[in-house]
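Chemist:
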Amino acid sequence: MAHEHDSAETAERGTYDFAEIQAKWLPVWDELQPFRAGAPGDTRPRKYILDMFPYPSGDLHMGHAEAFGFGDIAARYWRHQGFDVLHPIGWDSFGLPAENAAIKRGVDPREWTYANIDQQKRSFKQYAPSFDWSRELHTSDPEYYKWNQWLFLKLYEQGIAYRKAGLVNWCPNDQTVLANEQVVNGHCERCGFVVTKRALTQWYFRVTDYADRLLDDLNQLEGSWPTKVVTMQRNWIGRSAGADVEFEIEGRDERISVFTTRPDTLYGATFMVVAPDSDLAAELAEGASPEVQQRFQDYLDSVRVESDIDRLSTDRPKTGVFLERYAVNPVNGERIPIWAADYVLADYGHGAIMAVPAHDQRDLDFARAFELPVRVVVDTNAPVTGVIPVIPLDENGVPMLPEDLPAVDPASTGIALTGDGRLINSGPLNGLSKSNAIRRVIELLEQRGLGRAAKNFRLRDWLISRQRYWGTPIPIIHCPDCGEVPVPESELPVRLPDAAGLDLSPKGSSPLGAAEDWVNVACPNCGGAARRDSDTMDTFVDSSWYYLRYLNPNDDERAFEPADAEKWAPVDQYVGGVEHAILHLLYARFITKVLFDLGYLSFTEPFTSLLNQGMVLMDGSKMSKSKGNLVEFASELGAHGADALRVTLAFAGPPEDDIDWADLSPTGSAKFLARAWRIAGEVTSSPDVEWKSGDPALRRITHRLLADAPGLAEAFKFNVIVARLMELVNATRKAIDSGPGAGDAAVREAAEVTAMILDLFAPFTAEDMWERLGYEPSVALVPWRRADPALLVEESVTAIVQVDGKVRDRLEVSPKIAPDELEALARASEAVVRSIGEREIAAVIVRAPRLVNIATKR
């Protein structure tokens, strides 16, 4: 019977055909261009909504569908709220994946990249995000990367961009260097190969000069960025407070500076360890015997193939080479031996540590392996003010005083004493607590000129050189006489040469070095023969400032107009994956601060609010072709339509949660959309009907949604809005079928509000509903209807009456009913009286106006 009713209803009210609706409205929107931002004379307040750059590695996938769907909900919402919304789109089109794919297929990277962009653009159009297409950009266009080069030159002028020799992370598969942030658990974050070290001269950005600001300014983002992302950035920057301690080296004029967070334990330093791959270790080894020199060289060769993760592992045997050199402990004058060992990294602190084996587990493991002295300088049994000590008991259960406790020898137990306590065996520091001892020893070191308070960071300078073709050429010319010479700004962009004739396969050096006509140039200073720098920039340079280029994407005179940055930036809402929590976001924050210091910006943080979407899984796993669980965006789009996909993803749960496509129902979403669409076609009242004449019950449902949806949207509770829309559609359907009918003013009002709010999630359906209701496009520009306060006051609420925890009755009562009055009504209920029977009432709990719970004695 229900099936017959549905069939009849479809025939009478029309058939919802998503393909027909999409084909109808796409050309209309292309002509109207309703989402162009910044029209002259537009006085509306502004909002900048930005999605993280798509990478053109192929067609869009379900992750794109989710991320860009959420960004579009935000953009559409703020337009309805009366804002001039900038919601641009572009492509992060340089990079290794495109180059590797082109090499594999034997095509030019340009051909591969721009073909993928065209495909993604077609898919985006079908998906209907409200982009301002007039601002479209591609980072591989010379019109874009010209300004990467301009930015590089500005940093070079300030000494922020510099070139140096040193050990770098090297991916043996992609044959290029990697920044520290691009090494994940010792592997290349792009291809997964184990990363090794290689000595090269490379370009860096001095991001460490901004470490304090990058850390401290995270306070501005608390509450508007996900806590997880803020914590990840704090940990990556990794600020440590301590001291730089100067150690004299026998036979060396210059001292060695060692950073330590525990200068209070200096009296316990019994040896020194230097990183074997540091310049210092090589220098010290030169003065050793030939046997030690050979042993050191063999050891160095083995270390160079290890990852940093392996070297820092605590569960591997300690190895090292004694360099036959000694340092002098600055606080007690003791000679301490210097070892090279792989558990110290060349880029931590100064590449050398003072080893205090009694109080550091790795130092202790090393000391036990090589029979080096272990001296306890912190009595961890001694009570410290403000710390409640754990009192040990003897074999009879009697509390033991500190002086009665047995001495603990880490050299015997193999367990370092890492707790707090009082200093011992430390001369003038004896008896002091840790914090007081740190202050005192720094004072002593400063008085003697042998140390000072210092900070250290986990963060390292950003290595931007890449030995690959498909990227921004570095605008530096190397002259034998003049050295590094910047390319004059008037000669930008330095364009990539044609790939034809170049061998682009990874080989350890840039393919651009073989482009003789391109690389050989005259020096801008002296006119002599010189060569261009053949490396290209890390593609994260491209995305570190792209949000600013959107403001003036076609400007040939400047990267961006500071006045427009003042109008639009910083970005109000940024949407993208948590996988960019360190790399992209950290670099964008850094470049923004640099541009602020250079006077181009008036703000120091690029993204005011950040939303991280979860992953779209299939059967509990990340989608991949190899697993056979890949859900193609194009096939889902063809099967269900853009609106059904968008509604399904929005309804699935909070945006930040992972969702499993196997658990979702785009078919159910399509049925909901068809139901809403049919209602718009059934409305018979005119657009100028007086709303107040409509059914009050339906109007209350409509206006509660109008009142609640803004708060829900701004809290990213999109799934709740969709659920409330479904309730409104059901209530409207009921009003048409068994209530006041399709001509009632409340039915039209509900249908119009449904279309307006549905525009956030299903723009094709919403636009068609708006037309069926008698209006011109576009519903996306309709101001948000304001809720009538009088309709938000509940005339009655449902009170649940329970007897011994079971619901026995429901009472419609005033929301202002007094507790004693509600209890009386509950006791008088016939259903409650029958349920209680002859039992005695033990207690009554009243939570007016919603609940009465009666408990009986049994």
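When we follow the UniProt record's numbering, the leftmost residue of the sequence shown carries the number 1, and every step to the right adds one. Ideal Cβ placement from N, Cα and C applies to all residues, glycine included.
Figure out for me which residue from Ile701, Phe370, Gly743 and Gly741 has the closest Cα to the Cα of Ala723.
Modeler: Comparing Cα positions, the closest option is Ile701.
Chemist: Can the beta-carbon of Ser534 be found less than 7 Å from the beta-carbon of Gly501?
Modeler: Cβ atoms of Ser534 and Gly501: not closer than 7 Å.
Chemist: Have a look at Ala746, Gly106, Met623 and Leu284 and flag the residue whose alpha-carbon is nearest the alpha-carbon of Gly62.
Modeler: Position check: residue 62 holds Met in this sequence, whereas Gly was assumed. Ranking Ala746, Gly106, Met623 and Leu284 by Cα distance to Met62 puts Met623 first.
Chemist: Check whether the segment 686-700 touches the segment 638-649, counting contact only when three or more Cβ pairs, one atom from each stretch, lie closer than 8 Å.
Modeler: No: fewer than three Cβ pairs fall under 8 Å.
Chemist: My assumption, with CB atoms under 8 Å, is that Val168 sits in contact with Val177. Please give the rounded CB distance.
Modeler: At roughly 5 Å, the Cβ-Cβ gap stays under 8 Å, so Val168 and Val177 are in contact.
Chemist: When burial is assigned at 16 or more other CB atoms within 10 Å of the CB, is Ala11 buried or exposed?
Modeler: Since pLDDT at Ala11 reaches only 36, below the 50 mark, its modelled position is unreliable, and the value read off the structure follows with that caveat. Per the 10 Å Cβ criterion, exposed.
Chemist: Terminal residues of the continuous beta strand (DSSP E) containing Lys318?
Modeler: Element bounds for Lys318: n/a, residue is neither H nor E.
Chemist: Give the straight-line distance between the Cα atoms of Glu561 and Pro553, rounded to the nearest whole angstrom.
Modeler: If you take the alpha carbons of Glu561 and Pro553, they lie about 10 Å apart.
Chemist: In whole angstroms, what is the alpha-carbon distance linking Val803 and Arg834?
Modeler: For Val803 and Arg834, the distance between alpha carbons rounds to 10 Å.
Chemist: Keeping to the same chain, check which residues put their C-beta closer than 7 Å to that of Val230; ignore five residues upstream and five downstream.
Modeler: Excluding residues within five positions, the ones whose Cβ falls inside 7 Å are Leu218, Leu221 and Glu222.
Chemist: What span of residues does the beta strand (DSSP E) with Thr667 cover, start to end?
Modeler: No beta strand (DSSP E) contains Thr667, which is instead part of the alpha helix (DSSP H) from Pro666 to Glu682.
Chemist: Taking 6 Å as the limit between beta carbons, can you name the residues of its chain near Val321, skipping five residues before and five after?
Modeler: Excluding positions up to five away in sequence, the list reads Arg295, Phe296, Tyr299 and Ala340.
Chemist: Determine, for Leu151, whether the minimum Cβ-Cβ distance to residues of chain B falls below 7 Å.
Modeler: Protein chain content of the structure displayed is limited to a single chain, and chain B is not contained in it.
Chemist: Which residue marks the beginning of the beta strand (DSSP E) containing Ala457, and which one marks its end?
Modeler: This sequence places Phe at residue 457; Ala is not what is there. Segment Gly451 to Phe457, the beta strand (DSSP E) holding Phe457.
Chemist: For the alpha helix (DSSP H) that contains Asp84, what are its first and last residues?
Modeler: It is not in any alpha helix (DSSP H) - Asp84 instead sits in the beta strand (DSSP E) that spans Asp84 to Leu86.
Chemist: Under a Cβ-count criterion, where at least 16 other Cβ atoms within 10 Å of its own Cβ denotes burial, should Glu566 be classed as buried or exposed?
Modeler: Exposed, by the Cβ-count rule.
Chemist: For Val258, does the count of other Cβ atoms within 10 angstroms reach 16, so buried, or fall short, so exposed?
Modeler: Classification for Val258: buried.
Chemist: Provide the residue span of the alpha helix (DSSP H) that contains Lys47, from first to last.
Modeler: Counting along the chain, Lys47 falls outside any alpha helix (DSSP H), though it belongs to the beta strand (DSSP E) covering Arg46 to Asp51.
Chemist: Just to confirm the assignment: which complete beta strand (DSSP E) runs, minimum length 3, are found wholly within the segment 410-446?
Modeler: If we require 3 residues or more, the segment 410-446 turns out to have no beta strand (DSSP E) run fully inside it.
Chemist: Rounded to whole angstroms, what's the CA-CA distance from Thr592 to Phe607? Just pull it up for me.
Modeler: The alpha-carbon atoms of Thr592 and Phe607 are separated by roughly 10 Å.
Chemist: Under 7 Å Cβ to Cβ from Thr15, same chain only, skipping five residues before and after it: list those, please.
Modeler: Excluding sequence neighbours, Thr15 sits near nothing in its chain.
Chemist: Going residue by residue through the segment 782-846, where are the continuous beta strand (DSSP E) segments of at least 3 residues, counting only ones entirely within it?
Modeler: Complete beta strand (DSSP E) runs here, min 3: 797-803 and 806-813.
Chemist: According to DSSP, is Gly638 part of a helix, a strand, or is it coil?
Modeler: Here Gly638 sits in helix by DSSP.
Chemist: Using C-beta distances below 6 Å, list every residue in its chain close to Pro763, excluding the 5 sequence neighbours before and after it, in chain order.
Modeler: So the list reads Ala128, once near-sequence residues are dropped.
Chemist: Count Cβ pairs between the segment 537-553 and the segment 502-522 that sit closer than 8 Å; are there 3 or more?
Modeler: Cβ pair count under 8 Å is below three, so no.
Chemist: Let's test the definition: count the other Cβ atoms within 10 Å of the Cβ of Arg76 and tell me whether it reaches 16, buried, or not, exposed.
Modeler: Classification for Arg76: buried.
Chemist: Please give me, in chain order, every unbroken run of the alpha helix (DSSP H) with length at least 4 that falls completely inside the segment 694-774.
Modeler: Listed in chain order, they are 696-714, 718-738, 745-758 and 763-772.
Chemist: Taking the alpha-carbon of Gly414 as reference, which of Val331, Arg206 and Glu371 has the nearest alpha-carbon?
Modeler: It is Glu371.
Chemist: What's the call for Lys627, buried or exposed, on a 16-neighbour Cβ count within 10 Å?
Modeler: It counts as exposed.
Chemist: Per DSSP, Ala340 forms a beta bridge with which residues?
Modeler: Beta-bridge pairing links Ala340 to Val274 and Val321.
Chemist: Between which two residues does the alpha helix (DSSP H) holding Glu143 run?
Modeler: Its alpha helix (DSSP H) spans residues Pro142 to Glu157.
Chemist: Quick one: residues in its chain with C-beta nearer than 6 Å to the C-beta of residue 859, no 5 flanking neighbours on either side, listed in chain order?
Modeler: Within the shown structure, residues of the chain are numbered from 1 to 858, placing residue 859 beyond reach of any answer.
Chemist: Could you tell me the alpha carbon to alpha carbon distance between Thr201 and Pro428, rounded to whole angstroms?
Modeler: In a straight line, the C-alpha of Thr201 is about 46 Å away from that of Pro428.
Chemist: Taking buried to mean at least 16 other C-beta atoms within 10 Å of its own C-beta, is residue 864 buried or exposed?
Modeler: Residue 864 is absent from the structure shown; the chain starts at 1 and stops at 858.
Chemist: Which residues does DSSP list as the beta-bridge partners of Asn169?
Modeler: Leu178 and Lys197.
Chemist: Please report the Cβ distance between Phe457 and Arg239, rounded to the nearest whole angstrom; I am assuming they are in contact, meaning their Cβ atoms lie under 8 Å.
Modeler: With 8 Å as the limit, Phe457 and Arg239 qualify as a contact, their Cβ atoms being about 6 Å apart.
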